[in-house]
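Let me begin by presenting the structure, written as structure tokens, before commenting on it.
In this note's numbering, the protein residues as written are 13 to 317.
Right, here's the structure in full:
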């Protein structure tokens, strides 16, 4: 900072902590970002350079929207980002990502942390490790914690409430009866495995009961053991639901957007079933991520984002 620049009192008070974070040998990204991105960011009294502003206050839209437009987009950035703060963040990220050894060590730490709870206390995964639920897990080392798993409403008496799906961030966006621990808070989303042939019906029950309107599919088409859970054309029945492919937009060689209409099938006598109310679900399908590999390019993944 130059001596002739006048910062707001709030930013001036935080400058020592910022400098300590920048020049320390052990960087803490969360601490740095918590300082670097205050809400709202105080403007400069006398900015020597123009502030960097988001080019638009509206989120970037898909090139082709689904028929109903039920896609929920992330809230756009709306703060004025000081150019020096932006440079600090970018410099830190560039330095951190260029250290391959550091990234490798962090990855190994994450892997070890993921293994330890399962090895030390099987009660953390008591529902996932029950014998009757073993066939519902694609892999034995990818299990949902009891405290974060999504609990399905049984569609028949005595049916299981288990599905390999976990709440991410916070569970308050779900109906209370589906929350793993009954907690509250802000929004969130669900992380689940690609359904097995035997669990496609339960997957659509998950979508219906949670009120999900958007699906992100990262499984490459044609991978062994990854059946499609939507019809190629027209309608198809999966468990207690009818799924209708309304439209399919090929946005590039790397991803497709599909609009699906989902209806529950309700019992109406011994032989007949009638259709319940329909909902529209938008699926965003990334096509280029092999199960045992990586995306072919960062540009394709950023375009999908």
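Note that CB positions come from ideal geometry on N, CA and C, so glycine has one too.
Because the structure is a prediction, the values reported are computed rather than measured.
Limits of the unbroken alpha helix (DSSP H) element including residue 174: Taking the first residue of the chain shown as 1, we reach residue 174 at position 162. Careful: residue 174 lies outside any alpha helix (DSSP H) and carries neither H nor E.
8 Å Cβ shell around residue 116 - same chain, five flanking residues per side excluded: In the chain shown, residue 116 corresponds to position 104, counting from 1. If the five residues before and after residue 116 are omitted, its C-beta is found closer than 8 Å to no C-beta atom of its own chain.
Range of the contiguous alpha helix (DSSP H) that encloses residue 98: Within the chain shown, residue 98 is the residue found at index 86, counting from 1. Here the alpha helix (DSSP H) through residue 98 covers 95 to 110.
Roughly how many angstroms separate the alpha carbons of residue 163 and residue 206, rounded to a whole number? Within the chain shown, residue 163 is the residue found at index 151, counting from 1. Within the chain shown, residue 206 is the residue found at index 194, counting from 1. Rounded to whole angstroms, residue 163 to residue 206 spans 17 Å at the Cα level.
Can you give the Cα-Cα distance for residue 124 and residue 114, rounded to whole angstroms? Residue 124 sits at position 112 when you count from the first residue of the chain shown. Residue 114 sits at position 102 when you count from the first residue of the chain shown. Note on geometry: alpha-carbon atoms of residue 124 and residue 114 lie some 15 Å from one another.
The beta strand (DSSP E) enclosing residue 221, as first and last residue numbers: What you label residue 221 is simply residue 209 of the chain shown in a count that begins at 1. Run containing residue 221: none in the beta strand (DSSP E); it sits in the alpha helix (DSSP H), 212 to 222.
Residue 179 burial status per 10 Å Cβ neighbour count (16 or more: buried): Locating residue 179 in the chain shown gives position 167, where the first residue counts as 1. With a threshold of 16 other beta carbon atoms within 10 Å, residue 179 meets it and is buried.
Measuring only the C-alpha atoms, how far is residue 156 from residue 216? Taking the chain shown and counting its residues from 1, the one referred to as residue 156 is at position 144. Taking the chain shown and counting its residues from 1, the one referred to as residue 216 is at position 204. Rounded to the nearest angstrom, the two C-alpha atoms are 18 Å apart.
Check whether residue 220 and residue 291 have beta carbons under 9 Å apart: As a position in the chain shown, residue 220 is number 208, starting the count at 1. As a position in the chain shown, residue 291 is number 279, starting the count at 1. Taking the C-beta atoms as reference points, residue 291 is found nearer than 9 Å to residue 220.
From the DSSP output, in three-state form, read off residue 145 for me. Along the chain shown, read from residue 1 onward, the residue named residue 145 stands at position 133. If DSSP states are grouped into helix, strand and coil, residue 145 belongs with the helices.
Leaving out five residues before and five after residue 201 in sequence, what residues of the same chain have Cβ atoms less than 6 Å from its Cβ? For the purposes of this step, residue 201 is taken as residue 189 along the chain shown, with counting starting at 1. So the list reads 180, once near-sequence residues are dropped.
Using the Cα positions of residue 271 and residue 294, report the straight-line distance between them to the nearest angstrom. Counting from 1 along the chain shown, the entry for residue 271 is found at position 259. Counting from 1 along the chain shown, the entry for residue 294 is found at position 282. Inter-residue distance for residue 271 and residue 294 is about 5 Å (C-alpha atoms, whole angstroms).
Is residue 245 helix, strand or coil when you go by DSSP? By 1-based counting over the chain shown, the position of residue 245 is 233. Looking at residue 245 - three-state DSSP - the assignment turns out to be coil, as it is neither helix nor strand.
So, do the region 221 to 235 and the region 246 to 266 have three or more beta carbon pairs nearer to each other than 8 Å? Short answer: they don't touch.
Nearest chain B C-beta to residue 300 closer than 9 Å, yes or no? The chain inventory of the structure shown lacks chain B, comprising one protein chain alone.
Reducing DSSP to helix, strand and coil, say where residue 278 ends up. To locate residue 278, count along the chain shown from 1; it is residue 266. Strand, per DSSP.
Answer yes or no: do residue 208 and residue 237 have a C-beta to C-beta separation smaller than 9 Å? Stepping through the chain shown from its first residue, residue 208 is reached at position 196. Stepping through the chain shown from its first residue, residue 237 is reached at position 225. Yes, they are a contact pair.
Euclidean distance between Cα positions of residue 247 and residue 258: Within the chain shown, numbered from 1, the residue matching residue 247 stands at position 235. Within the chain shown, numbered from 1, the residue matching residue 258 stands at position 246. Rounded to the nearest angstrom, the two C-alpha atoms are 9 Å apart.
Enumerate in chain order the residues of its own chain whose CB-to-CB distance from residue 267 is below 7 Å, with the five nearest sequence positions on each side excluded. The residue labelled residue 267 in the question sits at position 255 within the chain shown. Result list for residue 267: 296, 297, 298, 299, 316, in chain order.
With three or more beta-carbon pairs closer than 8 Å as the criterion, would you say the region 166 to 175 touches the region 137 to 151? Using a C-beta cut-off of 8 Å, the region 166 to 175 makes contact with the region 137 to 151, since at least three inter-stretch Cβ pairs fall below that distance.
Using only CA atoms, which one of 109, 261, 170, 151 lies nearest to residue 303? Locating residue 303 in the chain shown gives position 291, counting from the first residue. Closest by alpha carbon: 151.
How would you call residue 262, buried or exposed, if buried means at least 16 neighbouring beta carbons within 10 angstroms? Position 250 of the chain shown holds residue 262. Looking at its Cβ environment, which holds fewer than 16 other Cβ atoms inside 10 Å, residue 262 is exposed.
Should residue 306 be labelled buried (16 or more other beta-carbon atoms within 10 Å of its own) or exposed? One-based indexing of the chain shown puts residue 306 at position 294. Label assigned to residue 306: exposed.
Given residue 301, which residues of its chain have a CB within under 7 Å of its CB, disregarding the five upstream and five downstream residues? Numbered from 1 along the chain shown, position 289 holds the residue referred to as residue 301. The answer, listed in chain order, is 230, 232, 307.
Does the separation of the CB atoms of residue 288 and residue 275 fall below 9 Å? Counted from its first residue, the chain shown places residue 288 at position 276. Counted from its first residue, the chain shown places residue 275 at position 263. Taking 9 Å as the cut-off, the beta carbon of residue 288 is found closer than this to the beta carbon of residue 275.
Quick one: what does DSSP say residue 312 is sitting in, helix, strand or coil? Position 300 of the chain shown, counted from the first residue, corresponds to residue 312. Helix, per DSSP.
Going by beta-carbon coordinates alone, are residue 161 and residue 139 separated by less than 9 Å? One-based indexing of the chain shown puts residue 161 at position 149. One-based indexing of the chain shown puts residue 139 at position 127. Residue 139 is positioned such that its CB atom lies closer than 9 Å to that of residue 161.
Is the beta carbon of residue 140 within less than 8 Å of some heavy atom of the ligand MN? The ligand MN is not part of the structure shown, which contains no ligands of any sort.
Taking the alpha-carbon positions, what's the residue 235 to residue 210 distance? What you label residue 235 is simply residue 223 of the chain shown in a count that begins at 1. What you label residue 210 is simply residue 198 of the chain shown in a count that begins at 1. C-alpha separation (whole angstroms): 17 Å.
Between the alpha carbons of residue 98 and residue 159, how many angstroms are there, rounded? Here the question's residue 98 lines up with position 86 in the chain shown. Here the question's residue 159 lines up with position 147 in the chain shown. Each residue's Cα considered, the two are about 37 Å apart.
Candidates 168, 149, 95, of which the one nearest residue 278 by Cα: Walking along the chain shown from the start, residue 278 turns up at place 266. The shortest Cα separation from residue 278 among 168, 149, 95 belongs to 168.
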